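Residue numbers (the working numbering): 29 to 133.
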């Protein structure tokens, strides 16, 4: 697997929602606003809001009243994998779509 750099993530993250299979029966959804806003919905949990910014090999995210960490996305043929701050594979991207209207709640 190859870790994606800032140039590639600059295309894949801002303005898009990633649906990620985290092994819980339903995908997590992570939205990356072009202005640095972020929103994540984990299966069965309330939405989390925060801020993100790119790093040379990944991105940093700080969730309001939640965890803070540096994440990466790795690529191999036909597969994008989220890598958590400890270096563990955390989930596989199942779909990427443009963000609709940004939620206000």
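Ideal placement from N, C-alpha and C gives every residue a C-beta, glycine not left out. In this text the structure is predicted, and so the values were computed from the model without any measurement.
When DSSP states are grouped into helix, strand and coil, residue 34 belongs to the helix group. Ranked by Cα distance from residue 35, the first of 72, 58 and 84 is 84. The shortest CA-to-CA distance from residue 86 to any of 49, 103 and 45 is the one to 103. Taking the Cα positions, residue 68 is about 19 Å away from residue 116. Nearest neighbour of residue 56 by Cα position, chosen from 98, 119 and 30, turns out to be 119.
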